[in-house]
Amino acid sequence: QRILREINQHHRHKFAHFDENFVERLLNHPEVPELIRTSPLTQREWQVLGLIYSGYSNEQIAGELEVAATTIKTHIRNLYQKLGVAHRQAAVQHAQKLLK
1 QRILREINQH HRHKFAHFDE NFVERLLNHP EVPELIRTSP LTQREWQVLG LIYSGYSNEQ
61 IAGELEVAAT TIKTHIRNLY QKLGVAHRQA AVQHAQKLLK
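Below you can see the structure in the form of C-alpha coordinates.
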(Lines of atoms letter the chains of each structure in order from A and count residues from 1; the text may use other names and numbers.)
(Lines give C-alpha, C1' and ligand atoms only; values in the text may rest on other atoms or scores of the structure.)
Protein backbone atom coordinates (compact mmCIF):
# COMPACT_ATOMS: atom_id res chain seq x y z
CA GLN A 1 0.00 0.00 0.00
CA ARG A 2 2.91 2.35 0.64
CA ILE A 3 3.89 2.21 -3.03
CA LEU A 4 0.34 2.95 -4.15
CA ARG A 5 0.03 5.87 -1.74
CA GLU A 6 3.30 7.31 -3.06
CA ILE A 7 2.06 6.96 -6.63
CA ASN A 8 -1.19 8.66 -5.64
CA GLN A 9 0.61 11.53 -3.87
CA HIS A 10 3.03 12.01 -6.77
CA HIS A 11 0.33 12.05 -9.40
CA ARG A 12 -2.15 14.13 -7.39
CA HIS A 13 0.31 17.03 -7.48
CA LYS A 14 1.52 16.38 -11.00
CA PHE A 15 -1.81 16.65 -12.79
CA ALA A 16 -5.33 17.58 -11.83
CA HIS A 17 -7.29 15.02 -13.85
CA PHE A 18 -5.89 11.84 -12.33
CA ASP A 19 -8.88 9.83 -11.15
CA GLU A 20 -8.44 9.82 -7.38
CA ASN A 21 -11.52 7.62 -6.95
CA PHE A 22 -9.80 4.81 -8.89
CA VAL A 23 -6.67 5.10 -6.74
CA GLU A 24 -8.72 5.39 -3.54
CA ARG A 25 -10.66 2.22 -4.35
CA LEU A 26 -7.39 0.46 -5.11
CA LEU A 27 -5.82 1.63 -1.84
CA ASN A 28 -8.87 0.74 0.24
CA HIS A 29 -9.60 -2.58 -1.41
CA PRO A 30 -9.52 -5.26 1.32
CA GLU A 31 -7.40 -7.59 -0.81
CA VAL A 32 -5.01 -5.01 -2.28
CA PRO A 33 -1.80 -6.81 -1.22
CA GLU A 34 -3.12 -10.04 -2.75
CA LEU A 35 -4.33 -8.12 -5.81
CA ILE A 36 -0.92 -6.60 -6.39
CA ARG A 37 0.98 -9.76 -5.56
CA THR A 38 -1.08 -11.88 -7.94
CA SER A 39 -1.64 -9.24 -10.62
CA PRO A 40 0.11 -9.89 -13.89
CA LEU A 41 0.58 -6.12 -14.33
CA THR A 42 3.76 -4.31 -13.42
CA GLN A 43 3.68 -1.14 -11.34
CA ARG A 44 4.22 0.92 -14.50
CA GLU A 45 1.37 -0.88 -16.27
CA TRP A 46 -0.91 -0.04 -13.31
CA GLN A 47 0.14 3.61 -13.69
CA VAL A 48 -0.62 3.53 -17.41
CA LEU A 49 -3.96 1.83 -16.76
CA GLY A 50 -4.86 4.51 -14.22
CA LEU A 51 -4.11 7.22 -16.77
CA ILE A 52 -6.11 5.39 -19.44
CA TYR A 53 -8.95 5.24 -16.90
CA SER A 54 -8.61 9.00 -16.50
CA GLY A 55 -9.05 9.51 -20.24
CA TYR A 56 -5.48 10.33 -21.19
CA SER A 57 -4.24 9.74 -24.75
CA ASN A 58 -1.02 7.83 -25.39
CA GLU A 59 0.80 11.11 -25.99
CA GLN A 60 -0.51 12.61 -22.75
CA ILE A 61 0.49 9.50 -20.80
CA ALA A 62 3.97 9.66 -22.33
CA GLY A 63 4.25 13.29 -21.30
CA GLU A 64 3.10 12.66 -17.74
CA LEU A 65 5.41 9.68 -17.26
CA GLU A 66 8.24 11.36 -19.18
CA VAL A 67 8.82 8.51 -21.61
CA ALA A 68 8.48 8.07 -25.37
CA ALA A 69 5.05 7.47 -26.89
CA THR A 70 6.38 4.20 -28.32
CA THR A 71 7.18 3.06 -24.77
CA ILE A 72 3.58 3.75 -23.75
CA LYS A 73 2.32 1.78 -26.74
CA THR A 74 4.46 -1.14 -25.57
CA HIS A 75 3.09 -0.89 -22.02
CA ILE A 76 -0.47 -0.76 -23.35
CA ARG A 77 0.08 -3.70 -25.69
CA ASN A 78 1.53 -5.71 -22.79
CA LEU A 79 -1.29 -4.87 -20.38
CA TYR A 80 -3.92 -5.67 -23.03
CA GLN A 81 -2.27 -9.05 -23.54
CA LYS A 82 -2.03 -9.73 -19.79
CA LEU A 83 -5.66 -8.73 -19.20
CA GLY A 84 -6.91 -10.53 -22.31
CA VAL A 85 -8.52 -7.42 -23.77
CA ALA A 86 -8.31 -5.66 -27.12
CA HIS A 87 -9.09 -2.01 -26.39
CA ARG A 88 -8.97 0.75 -23.78
CA GLN A 89 -12.55 0.50 -22.55
CA ALA A 90 -12.22 -3.25 -21.99
CA ALA A 91 -9.01 -2.67 -19.99
CA VAL A 92 -10.78 -0.12 -17.78
CA GLN A 93 -13.76 -2.45 -17.30
CA HIS A 94 -11.39 -5.28 -16.34
CA ALA A 95 -9.67 -3.07 -13.75
CA GLN A 96 -13.05 -2.04 -12.32
CA LYS A 97 -14.04 -5.71 -11.95
CA LEU A 98 -10.80 -6.41 -10.08
CA LEU A 99 -11.66 -3.67 -7.60
CA LYS A 100 -15.21 -4.82 -6.81
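Residue numbers (full-length UniProt numbering): 1 to 100.
The beta carbon of each residue, even a glycine, is placed where N, CA and C say it ideally should be.
Pairing L41 with K82 gives a Cβ-Cβ distance under 8 Å.
Annotation for L65: the continuous alpha helix (DSSP H) segment containing it runs 58-65. With a cutoff of 8 Å on beta-carbon distance, T71 and A62 are scored as near each other.
Around the C-beta of E59, fewer than 16 other C-beta atoms lie within 10 Å, and the residue is accordingly described as exposed. The distance from the Cβ of A91 to that of L49 is about 6 Å, consistent with a contact at the 8 Å cut-off.
Between H29 and A95, the alpha-carbon positions lie close to 12 Å from each other. At least 8 Å separates the beta-carbon of E45 from that of L98. Its Cα nearest to that of Q43, the residue I76 stands out among I76, R88, Q89.
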